[in-house]
Each structure stands twice: as C-alpha cells, then as structure tokens.
Amino acid sequence: MIEARNLTKRFGATLAVDDLSFEVKPGVVTGFLGPNGAGKTTTMRMILGLDWPNDGAVTIGGRSYRDLSVPLREVGALLDAKALHGGRMAYNHLLCLAQSNGIPARRVDEVLAIVGLETVARRRAGGFSLGMGQRLGIAGALLGDPGVLMFDEPVNGLDPEGIVWVRKLMRALAAEGRTVLVSSHLMSEMALTADHLIVIGRGRMIRDTSVTDFLDSSSQQSVRVRSPQAGLLAERLRAGGAVVTADVDGALEVTGMDGEAIGDLAAAGGLALHELTPQRASLEEAFMELTRDSVEYHASGTVTS
Amino acid sequence: MSTATTAASAPASAAVRPRPAHFADVVRSEWTKLRTVRSTFFSLLAAVVLGIGLSVLISAVAAHNYTGRLSGRQVQWDPTRLSTAGLGIAQLAIAVLGIMVVTSEYSSGMIRTSLAAVPRRGWLLGAKSVVYTAVALVVGEIIAFVAFFSGQAVISGLAPTANLGQPGVLRAVAGSGLYLAALGLLAVAVAALVRQAAAGIAILVALLYWPTNAGQDLTNVVRATHSLGPWAGFGVMCLFVAIVVVTAFVLIERRDA
C-alpha cells in the first residue's frame with residue numbers, strides 16, 4: 001500500500017506536483033497516467049525518497065521510504081532502464097544491489113532467469129538494447145521479492161513480445177496480492193494492464209477511478225445504428241431527443257440515447273434495425289479529452305499553407 | 001515468454017531468511033561496484049606503473065649525476081624523496097579514480113538505483129568513502145614501498161642510499177601511502193559535492209597546491225623550509241579533508257538525488 005498525502009514538489013517557479021493525494025492498493029495493477037511532463041516520474045521519485053517533497057508526505061505501508069530497514073525487500077522499482085553503470089556486467093549490477101540489502105547472491109541468478117537474461121548475464125549492461133535494459137531493471141525490482149512494485153514506463157522500447165510479457169508479469173504480481181504501480185503516457189497500454197487508474201495532468205489529480213468507471217464516465221458515448229428506413233428512424237430519434245448524424249456508409253451515429261431506448265423506439269414504430277452497436281470512445285480519446293487542458297506542450301493542430 | 005507466468009510466483013530464496021541490512025552490507029556492495037568496472041583496474045594500474053616507474057627513473061638519473069654535484073648540494077641529498085618522487089604523478093590517478101567512483105553514478109543515473117537500494121544516504125557515501133580510502137591506502141603503500149626499495153637498488157653503488165632504520169625514513173615512506181589515502185577520501189567527498197567529473201577534477205587539482213601539499217610534508221625525510229613539519233602538515237590536510245567530508249555528508253541528505 002502506497003499512500004500519498006498532499007504531495008507537492010516545486011522546481012524553481014514550476015509546480016511539478018501539486019497537492020496530490022492518492023492510495024495505491026494491493027492486489028490490483030494501478031495505472032499512473034498522464035501526458036509527458038505531468039509529474040509522474042517526480043511523484044515516483046518522491047515515493048522512493050530520491051526527491052524531497054516541498055509539502056505533504058508519502059508512505060509505504062505506513063513508513064517513509066527512507067525509514068525502510070531493507071528497502072529492496074519491501075519496494076522494487078524500475079525508474080529508468082538506463083540508470084546503471086554501462087561498464088558493469090548485468091550479473092554484477094544485480095549483485096551489488098543484492099549485497100547492499102543483504103540478499104543472497106543466488107537470488108541474482110533467479111531474477112536473471114525470471115526476466116530471461118541468463119545468457120547475457122556476463123555481458124556489459126551498456127551494450128544492452130533498451131528492451132534488454134528494461135528487463136534488467138525489472139530484474140532489479142524483483143530482487144528482494146517485494147510486496148510493492150513500481151515501474152515507470154516499463155514497456156518503452158520493448159518489442160511486441162516484450163510488451164505482452166511485461167503486461168502478464170504486472171498482472172501476475174498483482175494477482176499474488178502485491179501492490180503494483182505502473183506509469184504510462186499511453187492510455188491504450190493501461191487499458192490492457194491496469195484495473196485502477198490515477199490520472200494526473202500538470203501535477204494535479206484529474207481522476208482516481210477504476211478503468212471501467214473511467215470508460216463509462218467518458219462523455220463520448222454513442223450508438224451506431226443501421227436501418228433500411230434510416231431517414232424515418234432518424235426523424236423519430238430526433239423527436240425523442242437524440243442527436244443523430246449520418247455516417248458516410250449510411251449508418252446513423254446516435255448520441256444522447258442509449259441502445260435499449262433506440263431499439264424500443266424502432267420496435268414501437270415498426271422499423272427494422274440491421275445494426276445497433278454501442279460505440280465506446282476509445283480510451284485514448286477519453287484520456288485526451290480529460291487531459292486536454294493539462295498537456296504541457298500542444299502541437300498547433302493545423303498546418304497553414 | 002514462457003517465463004512470464006511463472007515470474008512472480010517463482011520461489012524467492014531471498015525471502016527465506018530476511019534480516020535487516022547493515023552498514024557492512026553496503027560496504028560489500030560498494031566493493032563489488034569498485035572491482036567490477038574496468039576504469040578501476042586501469043586507473044590503479046596507471047598509478048602503480050607511473051608511481052613506481054617514474055620513481056625508479058628519477059632515482060637513476062639523480063644517482064648518475066650525484067658525483068657531479070657540488071659538495072653543498074650533496075649534503076641535501078635525499079634518496080628517500082627521490083625514490084618516491086613518482087607518487088606526485090600517481091596521486092593524480094588516485095584522485096581521478098576517487099572522483100569517478102562518485103560522479104560515474106551521477107552521469108549514468110546509477111545513483112537513483114543505488115539510493116533506492118540504500119536510502120540511508122550517509123551509509124552509501126560512508127561505504128564509498130571507506131572502500132575507496134582503504135583501496136587508496138593499500139595501493140598507496142604498495143607503490144611507496146616498492147618504489148622506495150627499487151629506487152634504493154638503483155641508487156646503490158652510485159650514491160648514498162637510505163634505509164628504513166634511518167630517522168624519518170619509515171615515516172616518510174609509510175606516510176606516502178597515508179597521504180594517498182587522505183587524498184582518495186578527499187576526492188570522493190569533493191565529487192559527492194559537485195557530482196560532475198570535470199568540475200571535481202578541476203577543484204582537486206587546485207587543491208593539490210593547497211592545502212593538500214601540507215600533507216606532503218609527511219612524505220619528506222628532510223624538512224623543507226617554511227613547512228609545518230610532517231605530522232602537523234598532515235594534520236592540516238586531514239582537518240581540511242574532514243571539513244569537506246562532513247559538508248558532503250550533510251548535503252547529500254538534503255539535496256534531491
């Protein structure tokens with residue numbers, strides 16, 4: 001369990017994290033989502049005691065990270081796959097981490113096998129691809145078999161196979177009752193991995209919700225309807241208070257009325273329906289709508305000719 | 001990956017006997033870090049080769065010119081100092097490696113991984129200091145004694161030699177190792193303050209003029225004019241090193257990593 005209370009971090013005039021309070025619970029994967037520059041990494045650094053908050057506090061199981069007597073046995077973190085000395089062999093990188101926490105050396109071989117790096121254990125980590133680096137970072141996080149795990153953008157640079165592997169790993173770790181916090185700026189990735197979402201923008205809390213609630217609350221719900229009597233149906237729907245637009249293929253895009261009501265209305269009027277599909281806004285769209293006002297850097301959108 | 005599903009449930013031998021981590025664990029970890037990068041080997045090799053090689057070379061040249069010296073300058077003949085003259089170059093390698101031990105963690109980002117593993121920052125800096133000071137002491141003493149005996153062997157037959165039984169000679173030779181150990185500790189502390197190799201090296205080279213040169217009094221048999229004397233001079237250096245070390249320990253706790 002990670003608990004943040006009124007976390008605030010200032011860098012000069014910039015408010016990187018602004019009065020953030022949340023709980024990360026065990027047993028589920030919590031996605032930590034926000035556009036680039038939203039303050040995700042800074043928040044994670046404060047959880048790990050790397051940065052001091054200007055205000056507020058964050059605890060792990062009720063204790064501040066710096067007070068943990070064997071930190072790697074309680075919290076495993078992957079902040080940055082390149083946060084290692086490139087001249088050191090993968091095995092030795094993990095060995096010095098293990099030794100610092102009194103973890104036996106045989107555990108190094110175990111975690112290397114878990115992430116599938118045993119064959120390159122004696123190679124210098126500096127020559128690793130980003131994907132191998134991510135695996136090595138994850139191996140480091142698993143060293144102490146901790147109950148709390150944090151991963152900052154773990155799928156960055158991974159190939160599709162690696163992405164699926166990380167996704168399964170996160171879910172397996174959570175299924176074992178561990179607390180798992182995963183940051184990402186990709187909503188679609190979180191939709192496949194996370195059960196719960198903490199969405200921040202410009203350092204502020206935007207939404208702290210389950211993934212399903214997040215989707216349901218999205219304002220972009222619509223229903224796609226096809227009917228041989230489309231014109232008549234559209235008339236009835238508009239009369240019933242719905243907003244109807246015609247798609248290029250002749251289908252109707254209906255908002256402001258759910259599928260059940262549309263079906264009932266069609267049946268009452270004796271109109272045939274060939275399709276009735278609730279359209280969920282994609283997670284990505286919902287996320288973009290939510291964070292539109294808090295994106296640090298906007299593309300101008302149009303190119304003037 | 002077939003390992004994915006078994007990953008989390010793989011039995012963790014680490015969890016069998018959890019015990020609190022001690023300072024000794026962090027020292028062991030820092031020793032592993034130091035011995036598992038190539039720059040350590042090459043820097044120390046440079047220190048040994050240059051320290052001993054230059055000492056022997058300087059001793060040989062001076063010994064061959066001894067008979068040509070004016071009798072007054074023959075009185076100032078200090079074979080101990082000649083035979084350890086290469087330490088003036090060896091100290092640069094010791095200082096640079098001491099700086100790299102800390103700054104390579106900051107430049108690579110390893111420091112974040114290290115501090116996540118050892119959030120008690122005083123322990124991390126303390127372990128680095130202990131390990132590197134010990135290595136500098138051992139390597140320094142090896143260089144000093146090997147250089148001394150090789151130098152005397154080269155001088156022997158051409159000019160008067162020194163031996164460890166003469167007043168001040170053992171102190172000067174052993175003191176050379178002590179001086180390098182103090183310099184190594186200073187390098188680690190300066191690097192922890194500036195976190196950046198170029199700045200660290202520049203500062204340390206400046207410090208070699210003062211106050212660390214006071215510490216070099218310990219390495220001389222013949223006391224130079226206007227010097228503080230061997231132990232007083234070394235004491236001044238150690239006091240300065242202590243101030244920098246304390247500052248580094250205070251600031252590493254307060255600053256963001």
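Top line first, the protein sequences correspond to chains A and B. In terms of our numbering, the first sequence is residues 1 to 305. In terms of our numbering, the second sequence is residues 1 to 257. Think of the CB as a built atom: it goes at the ideal place given N, C-alpha and C, for glycine as much as any other residue.
Three-state secondary structure assigned by DSSP to residue 4 of chain A | strand
Going by other Cβ atoms of all chains shown within 10 Å of its Cβ, with 16 needed for buried, is residue 255 of chain B buried or exposed?
-> exposed
Beta strand (DSSP E) containing residue 317 of chain A: first to last residue?
-> Since the displayed chain A opens at 1 and closes at 305, residue 317 of chain A lies outside it and no answer follows.
From what residue to what residue does the beta strand (DSSP E) around residue 207 of chain B run?
-> No beta strand (DSSP E) contains residue 207 of chain B, which is instead part of the alpha helix (DSSP H) from 197-207.
Between the Cα of residue 140 of chain A and the Cα atoms of A:157, A:91, A:179, A:25, which residue gives the shortest distance?
-> A:91
The region 94-109 of chain B: which residues have C-beta closer than 8 Å to a C-beta of chain A, in chain order?
-> 104, 105, 108, 109
Neighbourhood of residue 77 of chain B by C-beta, 8 Å cutoff - its chain only, sequence neighbours within 5 removed | 66, 69, 159, 160
Under three-state DSSP, which class holds residue 118 of chain A?
-> helix
Where are the alpha helix (DSSP H) runs, 4 residues long or more, that stay fully inside the region 9-87 of chain A, in chain order?
-> 40-47, 71-74
Interface residues of the region 33-51 of chain B facing chain A [CB-CB below 8 Å] | 33, 36, 37, 38, 39
Cβ-Cβ distance between residue 275 of chain A and residue 225 of chain A below 8 Å = yes
Using a cut-off of 8 Å between C-beta atoms, extract the partners of residue 120 of chain B located in chain A.
-> 66
In the structure shown, what three-state DSSP assignment does residue 152 of chain B receive?
-> helix
With respect to the beta strand (DSSP E) encompassing residue 152 of chain A, which residues constitute its N-terminal and C-terminal limits?
-> 148-152
Determine the contact status of residue 51 of chain B and residue 87 of chain B, defining contact as a CB-CB distance below 8 Å.
-> yes
Can we say the region 216-225 of chain B touches the region 171-182 of chain B, given the rule of at least three CB pairs closer than 8 Å?
-> yes
Would you tell me roughly how many angstroms separate the C-alpha atoms of residue 120 of chain B and residue 105 of chain B, rounded to the nearest one?
-> 16 Å
Element boundaries [alpha helix (DSSP H), containing residue 271 of chain A] = Residue 271 of chain A -> no alpha helix (DSSP H), and no H or E assigned at all.
Taking the Cβ atom as the reference point for each residue, do residue 98 of chain A and residue 48 of chain A lie within a distance shorter than 8 Å?
-> no
Determine contact between the region 162-172 of chain A and the region 131-140 of chain A, defined as no fewer than three beta-carbon pairs at a distance below 8 Å.
-> yes
The beta strand (DSSP E) spanning residue 205 of chain A covers which residue range?
-> 204-210
Min CB distance residue 190 of chain A to chain E below 8 Å | Judged by its chain identifiers, the structure shown contains no chain E, and its protein chains are A and B.
If you run the structure through DSSP and keep just helix, strand and coil, what is residue 288 of chain A?
-> helix
Ignore the nearest five residues each way along the sequence and tell me which others in residue 95 of chain B's own chain have a CB closer than 7 Å to its CB.
-> 183, 187, 204
Consider the Cβ of residue 207 of chain A: report whether some Cβ of chain B lies at a distance smaller than 8 Å.
-> no
With distances taken between CB atoms, is the gap from residue 26 of chain A to residue 171 of chain A smaller than 8 Å?
-> no
What in chain A is Cβ-close to residue 29 of chain B, meaning under 9 Å?
-> 95, 96, 97, 98, 99, 100, 101
Between B:225, B:243, B:232, B:24, which lies nearest to residue 123 of chain B when the distance is taken from Cα to Cα?
-> B:24
So is residue 129 of chain B buried or exposed if we call it buried at 16+ other beta carbons inside 10 Å?
-> buried
Is the Cβ-Cβ distance between residue 198 of chain A and residue 208 of chain A less than 8 Å?
-> yes
Apart from the five residues just before and just after residue 42 of chain A, which ones in its own chain have a Cβ nearer than 7 Å to its Cβ?
-> 9, 16, 17, 51
Output yes or no for whether 8 Å exceeds the beta carbon distance between residue 78 of chain A and residue 154 of chain A.
-> yes
Exposed or buried, residue 193 of chain A, counting other C-beta atoms within 10 Å across all chains shown (16 or more means buried)?
-> buried
Do residue 195 of chain B and residue 83 of chain A have their C-beta atoms closer together than 8 Å?
-> no
Short CB-CB distance (under 8 Å) between residue 71 of chain A and chain B = yes
Taking 7 Å as the line, does the beta carbon of residue 38 of chain A fall inside it for any heavy atom of the ligand HEM?
-> Here there are no bound small molecules, and the ligand HEM is not part of this structure.
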